[in-house]
Amino acid sequence: MPAIHLTEDSFKKLIQSSQLVMVDFWAPWCGPCMALGPVIEKLSDLYKDKAVVAKVNIDEVPELAVELDVSSIPTVKFFKNGKEIESLTGAYPQSKFQQLVEANL
Numbered sequence: 000m001p002a003i004h005l006t007e008d009s010f011k012k013l014i015q016s017s018q019l020v021m022v023d024f025w026a027p028w029c030g031p032c033m034a035l036g037p038v039i040e041k042l043s044d045l046y047k048d049k050a051v052v053a054k055v056n057i058d059e060v061p062e063l064a065v066e067l068d069v070s071s072i073p074t075v076k077f078f079k080n081g082k083e084i085e086s087l088t089g090a091y092p093q094s095k096f097q098q099l100v101e102a103n104l
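One point on numbering: in numbering that gives the first Met the number 0, the residue at position 1 of the sequence shown is 0, and numbering is uninterrupted.
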């Protein structure tokens, strides 16, 4: 199941979930973001029944990036019940993201 691509409205609705929501803030011109893309897709498949994995293109939704203090990309933020619970900036290996997902399910 591919990661969900979010708009500002769909983002604000989705993060209210009691389920863990992992959001990748990226842009198509960002090399590290493109390298991280396949990892995000794998995580979406791996956790399809346990967590929601989504993406926000900061070129399409710049206001959201500003509101959430996303100053460098890729940045992956984790939300639960409307609150940010974790954040990572940079292209980390899949195992690092899996650790955070597992710790917050």
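Yeah, the Cβ is synthetic: ideal placement off N, Cα and C, and Gly gets one too.
- prompt: For residue 78, which beta-bridge partners are listed by DSSP?
  reply: 20 and 83
- prompt: Taking residue 21 as the reference, which of 58, 85 and 66 has the closest Cα?
  reply: 85
field: Alpha-carbon to alpha-carbon, residue 31 and residue 88
entry: 10 Å
query: Is it the case that the Cβ atoms of residue 6 and residue 60 are separated by a distance below 8 Å?
result: yes
field: Beta-ladder partner(s) of residue 88, from DSSP
entry: 74
query: Do you know whose CA, among 1, 12, 3 and 16, lies nearest residue 104's CA?
result: 16
message: Distance check for residue 3 and residue 53, CA to CA, integer angstroms please.
response: 4 Å
- prompt: So who's on the other strand from residue 25, going by DSSP bridges?
  reply: 56
- prompt: Are there 16 or more other CB atoms within 10 angstroms of the CB of residue 37, so buried, or fewer, so exposed?
  reply: exposed
query: At what residues does the alpha helix (DSSP H) containing residue 49 begin and finish?
result: Counting along the chain, residue 49 falls outside any alpha helix (DSSP H), and DSSP gives it neither H nor E.
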